[in-house]
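Protein chains: 2
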Amino acid sequence: MNEQRSIRAKSGANQEGTGAHNRRVIIDALRVNGALSRADLARATGLTKQAVSNLVETLENEGLVASEELVRKGRGQPSTPYRLVAEGAYSIGLQIDRHVSRVIVVDLVGNILARATAKVPPRSPEEGAEVVLDLLAGVRTEFAAGRPDAEARIAGIGVAMPGPFGVEIADDSLWLMQAWQSFPLLDRLAAGTGLAVSLQNDAAACATAERMLGAAHGLDHAVCIYIGYGIGAGLILGGELYSGAHGNAGEIGMVLFGGPDRLTPLEHRASIASLYGVLGIDPADPGQFDKLDALVLGGDRRVGEWIARAAHDLRLAVHTAETLFDPQTVILSSGVPGSLMPRLIAAIEPLRPSLSPTASRTIPRLRLGMTDPWAVAIGAAADPIRRAFDPSFSAILKRQGE
Amino acid sequence: MNEQRSIRAKSGANQEGTGAHNRRVIIDALRVNGALSRADLARATGLTKQAVSNLVETLENEGLVASEELVRKGRGQPSTPYRLVAEGAYSIGLQIDRHVSRVIVVDLVGNILARATAKVPPRSPEEGAEVVLDLLAGVRTEFAAGRPDAEARIAGIGVAMPGPFGVEIADDSLWLMQAWQSFPLLDRLAAGTGLAVSLQNDAAACATAERMLGAAHGLDHAVCIYIGYGIGAGLILGGELYSGAHGNAGEIGMVLFGGPDRLTPLEHRASIASLYGVLGIDPADPGQFDKLDALVLGGDRRVGEWIARAAHDLRLAVHTAETLFDPQTVILSSGVPGSLMPRLIAAIEPLRPSLSPTASRTIPRLRLGMTDPWAVAIGAAADPIRRAFDPSFSAILKRQGE
DNA sequence: ACGAATAAGTCAAGCGATTTGACTTAATAA
DNA sequence: TTATTAAGTCAAATCGCTTGACTTATTCGT
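For the protein sequence lines, the chains are A and B, in the order given.
The first sequence begins at 1 in the numbering used here and counts up by one.
The second sequence begins at 1 in the numbering used here and counts up by one.
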């Protein structure tokens with residue numbers, strides 16, 4: 001090898017890549033717009049009718065799209081709309097959280113087909129991997145029952161864990177799940193399941209879910225602030241999930257905010273961990289959400305105070321995110337169901353003035369996204385589908401993942 | 001037309017696009033690595049020897065690359081390195097600042113070939129456009145003298161102005177150059193020069209310059225904080241300049257920082273405008289930099305206090321940028337020459353702990369970039385070259401600019 | 001000194017995917 | 001009833017990368 005000095009260069013492209021890209025563009029267009037005819041697709045993508053026709057035929061043979069009824073909409077031959085076939089692909093999501101693991105199976109359009117949970121021993125990843133593999137195996141057999149050929153259509157396993165990843169010096173006040181992070185979980189899962197495994201942090205997973213099914217559907221520039229036990233932001237920049245040079249972009253929970261009195265990480269005042277600390281709720285308690293919602297609905301004073309403090313910092317966080325990323329919208333999502341998040345978002349308003357144009361704006365600056373304990377698991381499951389079917393720069397190049 | 005509901009889709013790709021992309025990849029590799037042989041290029045890009053050979057032959061015929069002397073480096077046939085030809089393309093940069101306009105001509109590798117300045121009447125864009133067009137015409141004739149065929153090789157005019165753009169409600173404390181912004185300057189310049197004209201804000205221009213020639217050379221993830229009369233950040237994310245949904249990403253000068261006492265936009269405490277306010281220097285004074293440097297070198301107390309305040313806020317700004325963008329490095333650039341910036345950067349250190357890995361790090365977390373009144377103009381000139389010759393997702397697609 | 005090994009680069013045919021332009025089909029509008 | 005409009009197909013052309021064999025030039029080992 002001639003590698004005295006290592007040569008850095010971007011990857012070239014070839015026809016195979018353009019074909020793959022165009023297939024993804026077709027799928028993306030159907031996902032965003034619903035059913036479209038080949039002529040519509042040709043106009044929307046800039047490809048020729050013939051190219052689209054070939055692509056659609058291939059996709060139909062692969063079972064990824066199917067035709068609907070003829071549509072007569074004026075002069076000319078009626079058009080045949082095509083839509084995505086939900087059963088065209090499946091994906092497994094695995095969320096490893098501090099106190100619980102969740103596994104979920106979704107199809108190409110995001111329908112949930114199976115799910116299961118397990119408690120994970122927090123300090124033993126070896127044992128935890130066994131638990132998780134059992135959980136996966138159970139859900140897979142449940143899923144496979146009555147779906148003879150579905151196994152081959154599983155795009156992979158998406159794993160979501162709290163970030164940040166690869167951090168050497170830990171702040172003791174943050175629970176970094178370091179034992180999990182040093183454990184080669186992905187290899188173990190890949191070996192144990194025979195499927196491709198990918199990893200993202202929980203905020204990125206939530207953003208992936210919001211983009212596939214939620215408030216960021218069809219948007220190319222969005223910041224998704226995820227409030228879980230910790231806080232992070234999933235970044236959709238230029239139509240792609242952005243994860244930074246080391247995979248830790250968007251760790252807004254570590255950013256210092258605060259008012260006149262003090263300067264603290266966002267996470268210290270606006271995370272569910274901080275709320276649970278105030279209320280004395282055990283995050284391992286299965287009934288935590290019911291207890292919390294009772295307190296919220298009961299007008300508990302401590303909840304009100306937490307909301308006020310959290311909203312203050314989040315207002316700054318939204319301002320910072322808007323100013324730095326200039327997104328189409330900011331989405332606030334959470335794993336906490338019920339009435340907490342609507343009250344929190346109401347307390348954040350009114351937002352600080354923003355730079356972005358207001359007159360031409362059709363999307364609200366701040367929107368409530370999913371408030372569902374399964375949001376991250378859904379996003380984890382969406383990740384393999386995104387990787388396999390969404391248009392992206394790297395997917396068009398010869399060597400992937402650059 | 002069948003446009004009842006507008007259909008959104010990403011653009012398809014074709015062979016023409018892959019060819020264009022591969023040409024850009026070759027040029028980029030030569031820019032980042034210096035001279036490379038065809039075999040080196042083939043290995044680095046993942047393309048075949050034959051594909052690279054054809055591309056290099058085309059580029060050589062177009063006058064963009066040229067061969068160097070044979071290199072014997074071991075067994076096997078000696079290789080022929082190719083390098084970029086400086087005279088292969090030219091570009092014009094125009095910086096419109098609050099008190100001065102600068103025009104500069106650079107070549108493909110960033111050599112400065114001509115430059116000129118003019119005072120711009122700040123409140124009259126019509127008159128200002130005339131001044132700028134005269135300036136451009138003068139520099140163009142100076143540049144064309146002795147370069148017979150160079151005119152046809154001008155990639156375009158890059159314009160840099162202070163942002164943000166398209167803002168409706170202005171904060172009176174910020175000088176937004178609104179009169180300039182509502183004026184159709186780009187059209188006027190395009191009509192008056194017959195060249196393609198593009199626009200970016202001054203921080204983005206500075207980042208473009210740092211990436212082509214400076215501290216971000218060859219990096220794909222960098223945040224470039226530009227301290228000029230105002231403050232902004234140019235973002236290089238995933239190998240491309242990121243400008244957000246409305247072109248205003250990176251406006252870090254508007255972000256609220258501050259310590260226990262108060263919360264103010266970064267710009268209020270760390271911009272040159274704030275320093276000049278303290279020192280009573282007139283930003284329209286041609287001798288401003290000499291006066292400032294004398295005060296800095298003379299140990300002026302007010303300068304020391306400003307540095308302390310600015311460094312405090314900038315330390316927070318760097319922390320925020322590192323946490324949200326997870327870049328390879330943060331670069332601090334300025335239009336102010338002399339000893340101010342080295343002292344400021346020294347005052348910012350030590351940085352707050354970061355999430356990014358420290359063991360594997362080869363690039364410093366914070367680096368001093370250009371400190372040159374011409375930095376933004378150079379970046380403005382680099383923009384047309386970037387658009388024409390750098391690999392990017394949009395350049396591979398059929399319809400550009402999405 | 002000489003042959004083997006190694007590597008750069010070329011040649012010519014092949015191939016994959018889009019494009020082109022003509023054509024067919026089917027509906028509405030006049 | 002006919003012209004017009006639009007969807008979709010057919011077959012050939014084209015573009016750019018790939019493949020595999022080949023040539024050339026240099027160093028290494030004996």
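Even for Gly, the Cβ is constructed at its ideal location relative to N, Cα and C.
Given the structure is predicted, the values throughout are model-derived calculations rather than measurements.
For residue i, list the residues DSSP reports as bridge partners.
i, result
"Thr264/A", "Phe257/A"
"Ala160/B", "Gln95/B and Gln200/B"
"Ser67/B", "Tyr82/B"
"Tyr432/A", "Here chain A comprises residues numbered 1 to 402, so residue 432/A is not present and cannot be evaluated."
"Ser37/B", "Pro81/B"
"Lys119/B", "Val100/B"
"Leu397/A", "Ala13/A"
"Tyr403/B", "Because chain B spans 1 through 402 in this model, residue 403/B falls outside it and cannot be assessed."
"Asp107/B", "Tyr90/B"
"Ala114/B", "Val105/B"
"Ile154/A", "Tyr90/A"
With a cut-off of 8 Å on the beta carbons, I'd call residue i and residue j a contact; round off their distance for me.
i, j, result
"Asp383/A", "Gly166/A", "Actually they are not in contact, since the Cβ atoms of Asp383/A and Gly166/A sit about 19 Å apart, beyond 8 Å."
"Thr193/A", "Leu136/A", "6 Å"
"Leu195/B", "Leu186/B", "That pair is no contact at about 11 Å."
"Ala388/B", "Ala160/B", "17 Å between Cβ atoms; not a contact."
"Ile225/A", "Ala346/A", "Not quite, the Cβ-Cβ distance comes to about 16 Å (not below 8 Å), so this is no contact."
"Tyr242/B", "Ser271/B", "Actually they are not in contact, since the Cβ atoms of Tyr242/B and Ser271/B sit about 22 Å apart, beyond 8 Å."
"Asp220/A", "Ile231/A", "Asp220/A to Ile231/A, Cβ: 24 Å. No contact."
"Ala233/B", "Val223/B", "6 Å"
"Ala310/A", "Arg102/A", "Actually they do not touch by this definition, with Cβ atoms about 25 Å apart."
"Ile385/B", "His21/B", "With 8 Å as the limit, Ile385/B and His21/B do not qualify as a contact, their Cβ atoms being about 16 Å apart."
"Val255/A", "Thr80/B", "That belief does not hold up - the Cβ atoms of Val255/A and Thr80/B are roughly 51 Å apart, past 8 Å."
"Pro391/A", "Asp107/A", "Not confirmed; about 20 Å, so no contact."
"Ala381/A", "Ile92/A", "6 Å"
Can you say whether residue i is buried or exposed, counting buried as having 16 or more other CB atoms within 10 angstroms of its CB?
i, result
"Pro164/A", "buried"
"Val362/B", "Looking at the sequence itself, residue 362/B is Thr, so the reference to Val does not match. Burial call: exposed."
"Gln4/B", "Confidence at Gln4/B is low in this model, with a pLDDT of 44, below 50, so its placement is unreliable and the value that follows should be read with caution. So Gln4/B ends up on the exposed side."
"Val71/B", "exposed"
"Lys119/A", "exposed"
"Gln95/B", "buried"
"Pro342/B", "exposed"
"Gly244/A", "buried"
"Pro162/B", "buried"
"Lys10/A", "buried"
"Pro373/B", "buried"
"Asp134/B", "exposed"
"Pro184/B", "exposed"
"Leu36/A", "buried"
"Ala51/A", "buried"
"Gln84/A", "Reading the sequence as shown, one finds Leu at residue 84/A and not Gln. Buried is the call here."
"Asn2/A", "Note that Asn2/A has pLDDT 35, beneath the 50 cutoff, so the model's placement of it is unreliable and no number is given."
"Gly88/B", "buried"
"His217/A", "exposed"
"Leu41/A", "buried"
Exercise. Can you give me, in chain order, the residues of the segment 384–397 of chain A that have a beta carbon less than 7 Å from any beta carbon in chain B?
Key: So the list reads Pro391, Phe393 and Ile396, given in the order they occur along the chain.
Q) Any residues in the segment 7–27 of chain B with a beta carbon nearer than 7 Å to a beta carbon of chain A? Which ones, in chain order? A) Result list: Ile7, Arg8, Ala9, Lys10, Ser11, Gly12, Ala13, Asn14, Gln15, Gly17, Thr18, His21, Asn22 and Val25.
- Where in the segment 328–375 of chain A do unbroken runs of the alpha helix (DSSP H), each at least 4 residues long, occur, reported from the N-terminal end onward? Those alpha helix (DSSP H) runs which fall completely within the segment 328–375 of chain A and span 4+ residues are 340–348.
query = Going along the chain, which residues of the segment 349–378 of chain A sit with their C-beta nearer than 7 Å to a C-beta in chain B?
reply = Those residues of the segment 349–378 of chain A placed with their C-beta closer than 7 Å to a C-beta in chain B are Pro353, Leu355, Ser356, Pro357, Thr358 and Ala359, ordered along the chain.
### Whole alpha helix (DSSP H) elements within the segment 289–329 of chain B, 4-residue minimum
Taking 4 residues as the minimum length, the alpha helix (DSSP H) runs contained wholly in the segment 289–329 of chain B are 301–325, in order along the chain.
- Members of the segment 309–320 of chain A that neighbour chain B once the beta carbon cut-off is set at 9 Å: In summary, the residues of the segment 309–320 of chain A whose CB is separated from some CB of chain B by less than 9 Å are Leu316, His319 and Thr320, in the order they occur in the chain.
Discussion item. Please identify, using Cβ separations under 8 Å, the residues of the segment 236–265 of chain A that lie next to chain B, in order along the chain.
Written reply: Shown in chain order are the members of the segment 236–265 of chain A whose Cβ falls below 8 Å from a Cβ of chain B: Leu237, Gly238, Gly239, Glu240, Tyr242, Ser243, Gly244, Ala245, His246, Gly247, Asn248, Ala249, Gly250, Glu251, Ile252, Met254, Val255, Leu256, Gly259, Pro260, Asp261, Arg262 and Leu263.
- With 8 Å as the limit, tell me which residues of the segment 266–279 of chain A have their beta carbon closer than that to any beta carbon of chain B; keep them in chain order. Correct list: empty, as no residue qualifies.
| the segment 133–164 of chain B: which residues have C-beta closer than 7 Å to a C-beta of chain A, in chain order? | Along the segment 133–164 of chain B, the positions whose C-beta sits under 7 Å from a C-beta of chain A are Pro164, read in chain order.
Taking only beta carbons into account, state which residues of the segment 181–203 of chain B come closer than 7 Å to chain A, listed in chain order. Residues of the segment 181–203 of chain B that bring their beta carbon within less than 7 Å of a beta carbon in chain A are absent altogether.
Worksheet item: the segment 210–229 of chain A: which residues have C-beta closer than 8 Å to a C-beta of chain B, in chain order?
Response: Cβ contacts with chain B come from Gly218, Asp220 and His221.
Report the residues of the segment 54–65 of chain A with a CB closer than 7 Å to any CB of chain B, ordered along the chain.
Contacts with chain B (Cβ-Cβ distance below 7 Å) from the segment 54–65 of chain A involve no residue at all.
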